[in-house]
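Residue numbers (this note's numbering), protein chains in the order written: chain A, 9 to 711; chain B, 2 to 321.
First up is the structure itself, then whatever we jot down about it.
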């Protein structure tokens with residue numbers, strides 16, 4: 009393992025270089041300093057980072073100047089690309105440029121770990137530094153100036169001395185980085201520029217001309233110029249060029265298999281623009297593309313609507329990709345298949361194989377549309393039909409009247425409520441209110457499947473209960489069954505006297521409709537409903553529905569606003585606090601999420617789900633012991649509630665509380681104690697459902 | 002040799018089931034994975050050859066699969082649209098779980114071999130995520146690499162340790178118990194596309210790169226590769242697998258359309274200071290397009306499967 013401190017004593021230049029670079033690692037990298045570093049990447053959506061990449065550049069520059077005569081490689085990463093066009097990532101990246109010009113923003117923005125940590129370094133007087141740079145020798149004081157050098161090198165480079173086809177987002181981020189880290193004073197900069205020019209004209213050019221790979225250099229320059237000529241938005245051109253590059257590299261092989269490669273044929277067609285990629289499809293170029301694009305103009309992908317789609321994409325991050333693709337798939341498999349059949353210059357074998365494949369795809373797609381099976385966001389209809397009751401429910405044989413069982417004031421804890429309500433519905437299977445309450449309590453206990461089963465039953469008995477539909481929308485959302493959630497929300501509107509009129513304009517629920525379009529429709533419906541009761545009169549139910557919808561589309565800021573608005577009307581609604589917390593957690597605001605969860609628990613301490621969510625957020629914040637404690641508290645509460653009940657109901661066999669305790673809570677707890685706290689013994693206790701051992705370990709007092 | 006045609010789809014990865022010696026999965030994509038759908042093939046080998054047990058289709062290309070180590074019928078897959086899905090092969094058509102968190106193609110998915118309760122994914126969005134089949138969202142995300150992540154693999158020895166290979170030319174060693182990577186090694190001068198752990202040497206990994214070479218590294222001595230097969234292939238090395246039966250046997254699949262088997266046990270070096278190379282044991286050159294997948298059967302020593310963009314899955318014994 010490389011030592012992180014610079015070595016003492018005279019050693020050769022390379023070693024010093026290594027050790028210095030090792031020392032200057034920003035904190036986010038390994039504690040064991042590593043002299044070997046990343047190469048900067050310079051193409052498209054893979055955004056440059058500051059810090060170590062500057063080191064790298066400097067390393068490369070100096071390495072080549074001093075240690076080994078050879079071509080200076082300002083765009084050495086570019087060289088890589090030339091040598092490795094097999095990297096499908098190139099093609100894919102070009103592709104994503106076609107479809108998602110905004111993609112680079114997404115990649116750029118993600119994750120707190122992306123924060124670039126700049127290390128401070130002292131500024132050095134211009135004269136010294138420039139002089140040092142000009143001298144061929146190396147010495148320790150010279151190496152200290154690397155950071156300034158790198159920063160300045162970057163500036164020079166950006167200023168155009170070395171052309172790069174940097175897409176705007178990259179340049180923007182770099183400019184920011186640059187702004188945040190002005191290291192050199194103006195004089196130093198000037199000195200550097202001078203020095204750089206001097207060095208370049210003297211050693212650099214010589215090395216260039218001595219370079220046996222001169223032709224490569226020319227090619228590279230040519231390529232750069234070509235790159236510059238390519239507009240960033242002309243991605244099809246770029247795709248064709250990438251395909252061309254790939255073919256160039258492979259051209260040299262003697263392996264006969266390459267001549268017959270279908271993949272390379274495909275690349276040829278891309279390069280020669282006989283074929284192009286549009287959206288999710290491969291498309292015959294020229295003649296047919298415009299009509300095909302028109303088919304798509306309704307809003308997904310096509311030549312004319314790239315920006316539209318990109319906007320949609322930006323507005324709805326991540327999950328909607330799938331929706332968009334689904335939409336595309338559903339749109340025009342017919343026409344696409346027949347277009348392909350009219351391909352004339354593909355060789356017959358290919359055409360046959362392709363049209364076979366498409367005919368099959370078409371058949372599958374239409375079959376899927378009929379049976380609605382291709383929709384990942386819709387639950388299979390039979391999935392939640394049967395509610396599984398707890399075994400040995402102490403309320404079941406008891407003589408307590410049903411009315412008392414369903415009286416929520418008599419329920420002291422969540423677990424008690426569940427058992428009481430289960431008994432009630434077993435006695436009175438048509439009692440919609442009881443089913444509804446049971447569903448809500450199960451939802452609060454982190455038992456999603458049971459919640460859905462109960463709520464579905466309630467809704468089928470009494471569809472006029474609006475709360476049931478909202479409850480279903482929430483549970484479906486949690487299980488990622490979006491279509492079902494939309495169904496529930498639409499039905500809610502339909503059942504609501506106040507907002508019914510809005511629903512008449514939309515579709516009947518259950519009709520196959522692309523998820524993204526549906527989402528947009530339903531959201532606008534609810535927004536209209538919200539507008540009809542503005543300001544002080546705002547209807548919290550509408551706000552909750554909107555919050556759920558915005559969670560679907562990833563617009564977490566808006567969802568937070570909605571839930572907060574609803575909370576202003578219902579500050580004691582612990583479910584709302586939990587929803588707010590979950591939205592914050594989903595948008596990586598774990599710290600704020602904790603507050604919301606605590607609020608929920610203050611109002612209702614036996615709200616298991618909030619504790620579970622709290623634990624998840626603690627894990628996100630690396631607070632593993634706290635997470636375990638919250639989970640254990642939740643489990644303890646569930647178990648002791650059951651125990652207490654069985655005692656009160658008159659001795660007998662203590663019911664197996666495990667059925668009422670949530671499996672998901674146990675699973676997460678096990679993961680925490682095993683993977684994060686690394687306690688094999690505790691993990692085994694989890695397997696045994698041995699709550700006592702775990703409670704002792706975490707010193708949990710009885711609540 | 003047994004062959005199977007993954008018709009209409011180009012194979013990206015093959016994985017033998019850890020529970021059944023006759024079962025293997027192939028993750029594949031249409032149009033070479035550039036656009037279009039993906040398909041998971043669940044195949045079974047029998048006396049009459051290889052037949053299909055099940056297929057599952059996905060919206061976007063499928064790049065990798067990983068069998069569950071705890072549930073004999075479950076398998077996780079990763080796709081081009083950033084989604085990760087869990088399937089139960091006893092249930093048709095739909096996945097039993099679907100997660101959508103990665104922002105770009107998910108190129109690798111791998112199941113924990115020791116504790117078996119979690120799996121990791123590596124994506125072109127530069128991040129690695131840890132998942133549990135039970136949890137509705139990822140448990141952890143690591144964002145350190147500067148470039149696409151091509152492969153992430155769990156250690157066969159240590160439940161908390163895994164490694165990643167990335168286009169930033171490095172491989173990283175990770176430990177679940179620490180927030181950041183434990184080690185970063187600049188393994189090649191070019192993108193590292195493949196990595197696998199040696200099943201018989203706790204500290205050893207084998208890497209494959211766009212520089213056409215295969216290297217062996219020891220995490221205890223990361224400055225220098227232990228072994229370097231230069232020019233292992235004519236083009237980039239896309240997949241590396243270490244044999245579960247023989248610590249000296251490594252398979253590499255490449256864009257030069259071949260899958261080669263190397264003996265890395267003989268560590269004599271011809272020139273002092275130069276790391277030793279490996280010996281070619283067998284060259285499987287039957288594929289006619291880029292070969293991307295190779296895997297060893299846990300139950301039948303010497304039996305391997307390969308897949309390639311020629312829509313072929315080959316299952317055969319390595320000649321001794």
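Every residue, glycine too, gets a C-beta built ideally from N, C-alpha and C.
**Asked** Is the Cβ of residue 41 of chain B closer than 9 angstroms to any Cβ of chain A?
**Response** no
Q | Closer than 8 angstroms at the beta carbon, the chain A residues around residue 37 of chain B | A | 288, 289, 290
message = For residue 671 of chain A, report the span of its alpha helix (DSSP H) as first-last.
response = 671-679
Quiz item: When we look at the beta-carbon of residue 246 of chain A and count the other beta-carbons within 10 Å, is it buried (16 or more) or exposed?
Solution: buried
Which residues in chain B sit within 9 angstroms of residue 682 of chain A, going by Cβ to Cβ distance? 116, 118, 160
Supposed close pair residue 474 of chain A, residue 503 of chain A - CB separation, criterion 8 angstroms = 6 angstroms
*Cβ contact (3+ pairs, closer than 8 angstroms) linking the stretch 130-142 of chain B and the stretch 671-682 of chain A*: yes
State yes or no: is the beta carbon of residue 598 of chain A nearer than 9 angstroms to at least one beta carbon in chain B?
-> no
- prompt: Pick from B/170, B/308, B/189, B/195: whose alpha carbon is nearest that of residue 152 of chain B?
  reply: B/195
Outcome for residue 212 of chain B when other beta-carbon atoms lying within 10 angstroms are tallied against a minimum of 16: buried
| task | Evaluate contact between the stretch 63-75 of chain B and the stretch 98-112 of chain B, counting only Cβ atoms and requiring at least three cross-stretch pairs below 8 angstroms. | result | yes
* **residue 508 of chain A - partner residues in DSSP beta bridges** => Per DSSP, none; premise fails for residue 508 of chain A.
Starting from residue 456 of chain A, follow the alpha helix (DSSP H) in both directions and report where the run begins and ends. 456-469
*Per-residue contacts from residue 274 of chain A into chain B (C-beta, under 9 angstroms)*: 32, 33, 35
Specify the secondary structure class of residue 65 of chain B as computed by DSSP and reduced to three states. strand
Cβ of residue 278 of chain A within 9 angstroms of Cβ of residue 248 of chain A? yes
Whose Cβ in chain B lies nearer than 9 angstroms to the Cβ of residue 4 of chain A? Nothing about residue 4 of chain A can be read from this structure; chain A reaches only from 9 to 711.
Mind pulling the chain A residues with CB within less than 9 angstroms of residue 203 of chain B?
Correct list: empty, because the minimum Cβ distance to chain A is about 16 angstroms.
Tell me which residue opens and which closes the alpha helix (DSSP H) that residue 244 of chain A is part of. 243-258
### Task
Find the nearest neighbour of residue 291 of chain B within the set A/429, A/268, A/586, judged by alpha-carbon distance.
A/268
Within 9 angstroms, strictly: CB atoms of residue 131 of chain B and residue 124 of chain B: no
Using C-beta distances below 7 angstroms, list every residue in its chain close to residue 580 of chain A, excluding the 5 sequence neighbours before and after it, in chain order. 611
> Just reading off the alpha helix (DSSP H) that residue 304 of chain B is part of, what are its end residues?
Replying inline: Per DSSP, residue 304 of chain B belongs to no alpha helix (DSSP H); it is in the beta strand (DSSP E), 304-309.
For this session: Report yes if the C-beta distance between residue 414 of chain A and residue 428 of chain A is below 9 angstroms; otherwise report no.
Result: yes
Discussion item. Can you check whether the C-beta of residue 492 of chain A is within less than 9 angstroms of a C-beta belonging to chain B?
Written reply: no
inquiry  = I'd like to know whether the C-beta of residue 221 of chain A is nearer than 9 angstroms to at least one C-beta of chain B.
reply    = Unreliable positioning characterises residue 221 of chain A in this predicted model, as indicated by a pLDDT of 44, which lies under 50. A coordinate reading is not provided.
Under 8 angstroms from the C-beta of residue 706 of chain A: neighbouring residues of chain B: Ordered by position in chain B, no residue passes the 8 angstroms Cβ test against residue 706 of chain A, which lies about 19 angstroms from the chain.
Going by CA-CA distance only, name the one from B/56, B/48, B/168 that's closest to residue 39 of chain B.
-> B/56
**Q.** Segments of 4+ residues assigned as alpha helix (DSSP H) that fall wholly inside the stretch 53-115 of chain B
**A.** none
| query | Within the 9 angstroms Cβ cut-off, does residue 313 of chain B reach chain A? | reply | no
Of the choices B/251, B/82, B/76, whose alpha-carbon is the least far from that of residue 264 of chain B?
B/251
- Message: Comparing C-alpha positions only, which one of B/54, B/92, B/80, B/90 sits nearest to residue 101 of chain B?
- Response: B/80
To the nearest angstrom, how far is the alpha carbon of residue 594 of chain A from that of residue 259 of chain A?
49 angstroms
So within the stretch 383-433 of chain A, which uninterrupted beta strand (DSSP E) runs reach at least 3 residues, ignoring any that extend past its ends? none
Quiz prompt | Under 7 angstroms by beta carbon: chain B residues contacting residue 460 of chain A | solution = Residues of chain B passing the Cβ test: none, with the nearest at roughly 14 angstroms.
First and last residue of the uninterrupted beta strand (DSSP E) at residue 41 of chain B | 39-47
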